[in-house]
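Numbered per our numbering, the sequence shown spans residues 3 to 308.
Heads up, the beta-carbon is just placed ideally off N, CA and C, and yes, glycines get one too.
All of these numbers come straight from a predicted model, not from anything done at the bench.
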Amino acid sequence: MNHKASLLLAALLACAVLPGAALAADAPESAHVLYPVEVVEYTEGDRPRLEKTYILTAGEDPAAIPTADFEREGRTYTLLDLPRRDQTESDAKLHTEAVAVESKSKDMDKILPLLPTTREVTTEDGYTGVLTLDTASVQVEAAGYGSSSRTVTATRSYPNLSDADTALIPKTTEDSGRTLELADVQWQEAGGFYHATATYTGTATSKYATGYIVTANYTGEVSKVSSGGVIYTAIFSGAPIQAQAEPEPTPQAGADSGAGTGGGWSWLVVLPIAAGGAGLAALAVFGGKKLKEKKAWKEFTQCEEK
3 MNHKASLLLA ALLACAVLPG AALAADAPES AHVLYPVEVV EYTEGDRPRL EKTYILTAGE
63 DPAAIPTADF EREGRTYTLL DLPRRDQTES DAKLHTEAVA VESKSKDMDK ILPLLPTTRE
123 VTTEDGYTGV LTLDTASVQV EAAGYGSSSR TVTATRSYPN LSDADTALIP KTTEDSGRTL
183 ELADVQWQEA GGFYHATATY TGTATSKYAT GYIVTANYTG EVSKVSSGGV IYTAIFSGAP
243 IQAQAEPEPT PQAGADSGAG TGGGWSWLVV LPIAAGGAGL AALAVFGGKK LKEKKAWKEF
303 TQCEEK
C-alpha cells in the first residue's frame, strides 16, 4: 500500500510541475536590442528603399541587428544588403618641439653633428610624426663660468735722472687697464746722469665658459587617427502587401455537433484537473483508512496486555 501511495503522489507532483516547466521552456531569452541612429527612406528606380544605420562598438555583436522582414505603411520590407564601414577619423596639425643638448665647444661645425636632421615624435595627446631640424633656430649659451689668474709684467724706462734714487721712480703704472706695482729697478749711469729701467708686476684674472647649452627647434606635421566604431547599414527593399483572400465560412454541423466539438476540446482541460482532484481524494481516503487501522490495532494491543 505504501508503494501505491508513493506512485500516486509522484503522479500528482508531475501534473503540477510539467505545465510550469513547459511555460518556462517557451519563454524567450531576453536579447540585447540594437536601435538605429538614422532611418532614411528613398526610391531607387520604381522600388522603395529603406536604410537603417547602426553604429556598433567593439563589444557589440552585429548579429543583434534586426534583419527580418517587417511591414510599414502598407509595404513589406525585405533585407537586401548589410554593408559594413569602419568609422575612422584623421587629424593633422603643425607641431614644433624644442630640444637641448650639451656641448664643449661653441663652434657651429662641432655643434651640428650633435643634432640629428630629423626626429620621430609622439605628443601627449596622441599625435605622431617626423619633425625636421630648423637650423636657423640653433642657439648656444654658456652652461657656466670659471675663472683663472696669472701674473703679468710691464717695464718702464726713466732716463736722465739726477740720482739713482727709487724715490724718483713711480710706484705704480697702468697696463691694459690693470694697475701694476713696482717690483724692480735697474740703473745705468751715462755722463753724470742715471737711466732707470723699472719692472712692474700684477695679477690678471680671466673668466671662461665651462661648457655650453645648445637649443634648437624641430618643426613638422603630426597626425592622429581615431576609431569611432563600426557602421552597419541595413538596406531594405519595399513591396506592396499582397491582399489575402478570406476563407469561405465552414457550414456548421448543428448544435449537437458544436457541443460535441466543444466537449472534445474541453476534456483536454478538464481531464488533468479531474485527475488531480481524484488523486488528492484517493490520497485522503487512503490516509484516513490507514489512520483508522493504526488506531484499531493500538486499541487491540492494549486490550491484550490487560
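Asked                                                                                                                                                                     : Found
Using alpha carbons as the reference points, say which of Tyr-214, Gly-47, Glu-46 and Val-41 lies closest to Ile-57.                                                      : Val-41
Residue range of the alpha helix (DSSP H) that Asp-111 falls in?                                                                                                          : 110-113
For a quick check, are the C-beta atoms of Ala-166 and Ala-198 less than 9 Å apart?                                                                                       : yes
For Ala-218, count neighbouring C-beta atoms within 10 Å of its own C-beta (all shown protein chains included) and say buried if the count is 16 or more, exposed if not. : buried
What would DSSP say about Leu-36, mapped onto helix, strand or coil?                                                                                                      : coil
Once you ignore the five residues that flank Pro-85 on each side, which residues in its own chain have a CB closer than 8 Å to its CB?                                    : Tyr-234, Thr-235 and Ile-237
Reducing DSSP to helix, strand and coil, say where Pro-161 ends up.                                                                                                       : strand
Less than 9 Å between the beta carbons of Ser-149 and Tyr-210, yes or no?                                                                                                 : yes
Let's test the definition: count the other Cβ atoms within 10 Å of the Cβ of Val-216 and tell me whether it reaches 16, buried, or not, exposed.                          : buried
Rounded C-beta distance between Leu-135 and Tyr-220? I'm assuming under 8 Å.                                                                                              : 6 Å
Report the rounded CA-to-CA distance for Ser-178 versus Thr-203, giving the unit in angstroms.                                                                            : 12 Å
Could you tell me whether the segment 179-194 touches the segment 108-124, where touching means 3 or more Cβ pairs closer than 8 Å?                                       : no
Residue ranges of each beta strand (DSSP E) run of no fewer than 3 residues wholly in the segment 106-192, ordered along the chain?                                       : 120-124, 130-163, 174-177 and 180-192
Is the Cβ-Cβ distance between Leu-96 and Gly-222 less than 9 Å?                                                                                                           : yes
Could you pull the DSSP bridge partners for Pro-50 from this structure?                                                                                                   : Thr-45
If Gly-131 sits next to Val-227, beta carbons under 8 Å apart, how far is it from one beta carbon to the other, in whole angstroms?                                       : Between Val-227 and Gly-131 the Cβ distance is about 12 Å, and since that is not below 8 Å, they are no contact.
How many Å lie between Ala-241 and Gly-231 at the Cα?                                                                                                                     : 32 Å
Three-state secondary structure (DSSP) at Ala-65?                                                                                                                         : helix
Could you check what DSSP says for Ile-215 in three-state terms: helix, strand or coil?                                                                                   : strand
How would you label Leu-133, buried or exposed, when you count the other beta carbons within 10 angstroms and need 16 or more for buried?                                 : buried
For the beta strand (DSSP E) containing Glu-73, name the first residue and the last one.                                                                                  : 72-74
Under 8 Å Cβ to Cβ from Ser-159, same chain only, skipping five residues before and after it: list those, please.                                                         : His-197, Ala-198, Thr-199 and Ala-200
Return the CA-CA distance between Ala-66 and Val-140, expressed in angstroms with no decimal places.                                                                      : 60 Å
Note down, in chain order, each residue of its chain lying with its Cβ closer than 7 Å to the Cβ of Thr-59, except the 5 sequence neighbours on either side.              : Gly-231
Just the C-alpha distance for Ser-32 and Asp-93, rounded to the nearest angstrom, thanks.                                                                                 : In this prediction, Ser-32 has a pLDDT of 44, which is less than 50 and means its spatial position is unreliable; what the coordinates show is noted afterwards. Each residue's Cα considered, the two are about 41 Å apart.
Taking just the CA atoms, how far does Asp-127 sit from Asp-48?                                                                                                           : 50 Å
Residues in its own chain within less than 6 Å of Glu-91 by CB, not counting five upstream and five downstream?                                                           : Ser-228
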